[in-house]
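Everything on this sheet refers to the single structure shown next.
2 protein chains.
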Amino acid sequence: MISERMQKQIDFIVAIDKLKHITRQNVVIGTTRNENDAEHSWHLAVMAMLLSEYAAEKNIDILRVIKMVLIHDLVEIHAGDTFCYDEKGYEDKAEREQNAADRLFNILPHDQAQEIMELWREFEDMRTPEATFASCLDRFQPLLLNYNTDGHTWKRPGITSDKVLRRNDVTEKSAPIIYDYVKELIESSIEKGILKR
Amino acid sequence: MISERMQKQIDFIVAIDKLKHITRQNVVIGTTRNENDAEHSWHLAVMAMLLSEYAAEKNIDILRVIKMVLIHDLVEIHAGDTFCYDEKGYEDKAEREQNAADRLFNILPHDQAQEIMELWREFEDMRTPEATFASCLDRFQPLLLNYNTDGHTWKRPGITSDKVLRRNDVTEKSAPIIYDYVKELIESSIEKGILKR
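Residue numbers (this note's numbering), protein chains in the order written: chain Z, 831 to 1027; chain V, 831 to 1027.
Structure (structure tokens):
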């Protein structure tokens, strides 16, 4: 017979399958289909594997960065995706997401619920080198996708290059070489006419 | 200006976006939509975080397991998904996948191309505790999805419980407690009439 502990772990693994339903604002390259949070989280984890040499802080704990990006959007299963330029949506985002975290993570055995909660809080608080680097990837990946899909999300009213750059503020200190590239990409996007100055 | 090294890394990160197009045989829970390889890889990585206590080998390198599951299906971008019960497809699978690996991984700078190639070969060869545990997760995850989607993939002609169990052979030694659960799940599936004996 399966232990109570294992049953909780399996219940959680089945519950988070729903992350594959949560669509984001950007589309998958070469398609008109919105990316979902599971795909996005996978992409960030591979980026963490490959780009950690650009983290300003040396000896960053790459396993913790990967764990953080793998779980950082789970709360959206209950709280939904808040568009990063939606000021109204941001007003109650923190409360909605904390409730979602309590509800979802507590499916797990207590020790693991606590571990995931701490990883998620660390990511949200952006106070450790691992969390700021994870955040920088979380901003960089949609930028790469928008650049390669003719600025899909940037076509919305009110999206301008300064807002896109500001969204990548965390990268300036946490990964300056990536930040230089972000600025190049934004300039190139303006020149190509896929992002408003 | 971006370095040649970084350009190669970004080119690779953009190229592997295609993993989100590669559909698998099973569907996402609660939908009739086929899961794709990026979603599957993300799910495995979270499972690796949560289930490593069941690996027979203690002190398993969990970072290496996670890296392996994150990249294990990348070759399918060029080689396509081979259904695990398709005997004909398996005849030239190894050759197709090696060619795909050479083509895809070599977009990266040499040292990283080599790291990913080694991780992928380690996964395929199933000779280390990390690789067998990764393999066990790769078999367990579709079983969980099929169990929760009325045996979606098991409805195909010729799929029987002994084939499904045999597919999980690696789990018997690499994670015996998960293997016990696999057997329970298979029995329960037969009772529910969603898997043929």
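For every residue, glycine included, the Cβ atom is placed at its ideal position computed from N, Cα and C.
If you're wondering where the values come from, they're calculated on a predicted model, not measured in any experiment.
Item	Value
Inter-stretch contact (C-beta, 8 Å, three-pair minimum) for the stretch 935 to 951 of chain V and the stretch 972 to 986 of chain V	no
A943 of chain Z vs H908 of chain Z beta-carbon contact at 8 Å	no
Alpha carbon of D847 of chain V to alpha carbon of L880 of chain Z, nearest angstrom	14 Å
Within the stretch 984 to 1018 of chain Z, ranges of the alpha helix (DSSP H) (whole runs, at least 4 residues)	991 to 997, 999 to 1004
Buried/exposed call for R1027 of chain V, threshold 16 Cβ in 10 Å	exposed
For V858 of chain V, the three-state DSSP class (helix, strand or coil)	coil
Secondary structure of E887 of chain Z, DSSP reduced to three states	coil
Identity of the residue in V:S991, V:D922, V:Y884 nearest L967 of chain V by Cα	V:Y884
Reduced DSSP category for N976 of chain Z - H, G, I as helix; E, B as strand; rest coil	helix
From Z:V844, Z:M831, Z:M836, residue whose alpha carbon lies closest to that of N978 of chain V	Z:V844
Chain V contact for E1014 of chain Z (CB, 8 Å cutoff)	yes
Cβ-based burial, F913 of chain Z [other Cβ within 10 Å; buried from 16]	exposed
Contact set between S871 of chain V and chain Z, taken where Cβ atoms lie within less than 8 Å	W872
Assigned exposure category for G1023 of chain Z - 16 Cβ within 10 Å defines buried	exposed
Secondary structure, alpha helix (DSSP H): runs of 4+ residues fully inside the stretch 936 to 982 of chain V	940 to 955, 959 to 977
Members of the stretch 976 to 988 of chain V that neighbour chain Z once the beta carbon cut-off is set at 8 Å	N978
Contacts around I859 of chain V, its chain only, beta-carbon distance under 7 Å, and the 5 residues preceding and following it disregarded	L975, N978, T979
Under the three-state DSSP convention, the category K1032 of chain Z falls into	Here chain Z comprises residues numbered 831 to 1027, so residue 1032 of chain Z is not present and cannot be evaluated.
Positions along the stretch 874 to 888 of chain V whose CB lies within less than 7 Å of some CB in chain Z	A875, V876, M877, M879, L880, L881
A868 of chain Z to H851 of chain Z span [Cα, whole Å]	8 Å
R996 of chain V classed as buried or exposed, judged by whether at least 16 other C-beta atoms fall within 10 angstroms	exposed
Given T990 of chain Z as reference, the closest of Z:E1017, Z:K1003, Z:Y1011, Z:A875 once Cα atoms are compared	Z:E1017
Other residues of its chain near K780 of chain Z: CB distance less than 8 Å, five sequence neighbours each side excluded	As displayed, chain Z neither begins before 831 nor continues past 1027, which places residue 780 of chain Z out of reach and without an answer.
Minimum C-alpha distance to H873 of chain V - residue among Z:A886, Z:T861, Z:L900	Z:L900
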